[in-house]
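In the UniProt record's numbering, the protein residues as written are 1 to 489.
Each remark here refers to the structure printed beneath this line.
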Amino acid sequence: MAFDQTENTEIPLIDSLQPAIDSSHGTSGGVSDSPTRSVNASPTRSSNSNGSVRTSSTAAYERAEREAEDAFNQRIENLCQDLWPSPTSIKHRFLASQAALRLRTNKFFRSFVPAPQVPLIEHLKGGGFNHITSITLPSSYDEGHRNLILRVPREGESRPDQQVATLDYVRQRTAIPVASIESTDFTCNNAVGKPYAIQHRIPGRDLDSVWDVLSRSQRCVVAKEVGCLIRALLSVESPVAGTIEAATNGSYTSAELPNIVPFILTDARGDLVEELEPDATSGAGTARSSETTVEFFEYYLSRWRKSALAESLGENNCDVELYDDMLKVVHEMNALCLFKPELNCLCHLDLHPRNIMVEINSEDSVRVTGILDWDEAVVAPKFVNCQPPGWLWGYDKDTHTENSLLPWPYELEGANNTPSTLEQQELKSIFDDHAGPEYPRLAYSESSRLMRGLYRVATLGLTANWHSAAAERIVKEWNILRPNLTHDL
């Protein structure tokens, strides 16, 4: 969510690197004096497909984008030079000189004047929260790992310190393979001008790129490993929910919980949602040594309700009424004891094939080498961790749409339906067997599916039309489901 080495959402650099344009390290259109080699892995820009002439505004945008990329590249090269300084021997200084560069243009001298060994920088496309850059140190670097990943946050959208704290916590509490950290700087006082983290690159390929060529036996191994992963996450229990922050001393011991802080709520404008007055609900103003699930929902939904009421100048508008409806659902669920067990656990929240790294060992075996992209990881009620990985057996909520729109944050039913093929049925059975005894109820019951939707709305608020549509649907489906649950009691 370890850190994502590649991500699928491609975001232009121009939006998040404007400061780099304004204050670059003297980057020009000429050849950089830095010996570091840079490779841009993003797709090559193509001309307009209909052959029309680009407008001046389009050309200006592309020029600004290139300047932003150049400025960012220069900053990374400067960082590499700071962290791994070039050798100062006379030979190396000569090989890195402009004179040697000119000699290498001659085929005769090329074999006598080799290029200096320097870090290779490759910008990986995508990165929803971070710019992702591969750094390969030269073979002459014999201290530690040579294959690294640099993660630099986009403007205000990522916190490397929180991500590193999460990885440390995962390593301390589980056997889940995640990336180790090589270097960090959580200040802006560095060559990049932003906080960053450098991690060891996890070997292998992402599961998404190899799934179609895996044999039945290999897919069964993956199903087992994903089930064990879910079970491991469920075992990392906590009496409170929230996001993970670094411990006071910057490290964890086996007997110590991390600092789990309340979720930060921001409205549609990006402003912080006001806290509740102490004792405004049973979960507010109390020590966070423990927190029941009903207290969790009461606290966050009540904060959103208070914000909506202030926005409407005290009028009970549709948002306020919808928050009231969701609070009513929460109390009814609690009365039916649906929130048992009253424990939270570590949740990845983005466990998709693109974030699972594997190595193929043989025709019948595959090994999971690491889990990527812990950016969205939280500590939350256990049912949040149990959204079925339907992609294993041919059902994935992210590929099922209604009216051409994804239903998220609402979760579609059907993940527990019998898969259509024998192989898919086998994969689901293997996964369920290894996910643990408490998994089926937390994953497949209709109430758990609706509770996961309530969790998303409680932490995101009615800040978009599709959030409101999801909340309305959850309330409607609960009102249909509740009489049957009451009758079963």
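Ideal Cβ placement from N, Cα and C applies to all residues, glycine included.
Note that the structure is a prediction, hence the values are computed from the model and not measured.
Residues bridged to residue i by DSSP?
i, result
"Y444", "Beta-bridge pairing links Y444 to no other residue."
"R151", "I132, A197"
"V358", "R205, V368"
"I244", "I260"
"V378", "C347"
"S238", "N344"
"T174", "BP columns for T174 are empty, so no partner."
"L167", "Answer is none; L167 lacks a bridge partner."
"L272", "T266"
Taking the continuous alpha helix (DSSP H) assigned at residue i, which residues delimit it?
i, result
"Y299", "293 to 311"
"Q74", "56 to 83"
"Y323", "318 to 335"
"I181", "Not the alpha helix (DSSP H): I181 falls in the beta strand (DSSP E), residues 181 to 185."
"L427", "422 to 435"
"R110", "107 to 110"
So which of the options has the shortest CA-CA distance to residue i?
i, options, result
"Y196", "R219, L214, R154", "R154"
"W374", "E472, L460, D161, Y61", "D161"
"W84", "N417, A99, L120, V273", "L120"
"C228", "V368, W478, D212, V457", "V368"
"T174", "C347, T293, L214", "C347"
"S429", "V164, A223, K382", "A223"
"I360", "N484, N385, V213", "V213"
"T293", "T136, A458, N73", "A458"
"N484", "R473, L454, S447", "S447"
"L137", "V358, H200, V152, A165", "H200"
"E413", "D432, E438, Q387", "Q387"
"R151", "L167, R159, I132", "I132"
"N130", "K107, L103, R159, N106", "R159"
"L167", "A64, W391, V210, G370", "G370"
"Y323", "G394, W211, A268, I474", "I474"
"R231", "L392, H434, P440, A268", "H434"
"W393", "N416, W408, T486", "N416"
"Y169", "S238, N106, W211, E122", "S238"
"A408", "E438, A470, A377, V330", "At residue 408 the sequence reads Trp, which differs from the Ala that was named. Answer by Cα proximity: A470."
"L233", "S365, C345, F431", "C345"
"A179", "N147, S86, P353, L103", "N147"
Closer than 8 Å: is that where the CB of residue i sits relative to any heavy atom of the ligand GDP?
i, result
"L120", "Of ligands this structure carries none, so the ligand GDP is not represented either."
What's the C-alpha gap between residue i and residue j?
i, j, result
"N189", "L79", "11 Å"
"L442", "G436", "11 Å"
"M451", "V273", "22 Å"
"S468", "A246", "34 Å"
"I198", "E225", "27 Å"
"S290", "V118", "52 Å"
"K476", "P341", "25 Å"
"V379", "L207", "25 Å"
"E363", "R216", "10 Å"
"E332", "F339", "11 Å"
"S183", "A191", "14 Å"
"S111", "L101", "12 Å"
"Y410", "W478", "13 Å"
"V427", "I135", "Residue identity check: residue 427 is Leu in the sequence provided, not Val. For L427 and I135, the distance between alpha carbons rounds to 37 Å."
"A68", "S57", "16 Å"
"E472", "Q81", "55 Å"
"D325", "L454", "11 Å"
"F263", "A335", "25 Å"
"S42", "E62", "Confidence at S42 is low in this model, with a pLDDT of 45, below 50, so its placement is unreliable and the value that follows should be read with caution. Between S42 and E62, the C-alpha separation is close to 14 Å."
"R75", "K328", "53 Å"
"A59", "R66", "11 Å"
"Y444", "P381", "15 Å"
"D218", "V358", "Inspection of the sequence shows that residue 218 is occupied by Gln rather than by Asp. Using only the alpha carbons, I get a separation of about 11 Å."
"Y299", "G270", "20 Å"
"R171", "G204", "19 Å"
"V261", "E376", "14 Å"
"V31", "E122", "The predicted position of V31 is uncertain, since its pLDDT is 34 and thus under 50; no value can be drawn from it."
"F186", "C337", "43 Å"
"L481", "I202", "45 Å"
"I356", "S86", "35 Å"
Compare the C-beta of residue i with all C-beta atoms of chain E and state if any pair is closer than 9 Å.
i, result
"V358", "Within the model displayed, chain E is absent; a lone protein chain is all it includes."
*Answer yes if the stretch 307 to 324 comes into contact with the stretch 416 to 425, meaning at least three C-beta pairs across the two stretches below 8 Å, and no otherwise.*
Short answer: they don't touch.
*Quick check: the stretch 314 to 328 against the stretch 452 to 463, are there 3 or more CB pairs under 8 Å?*
yes
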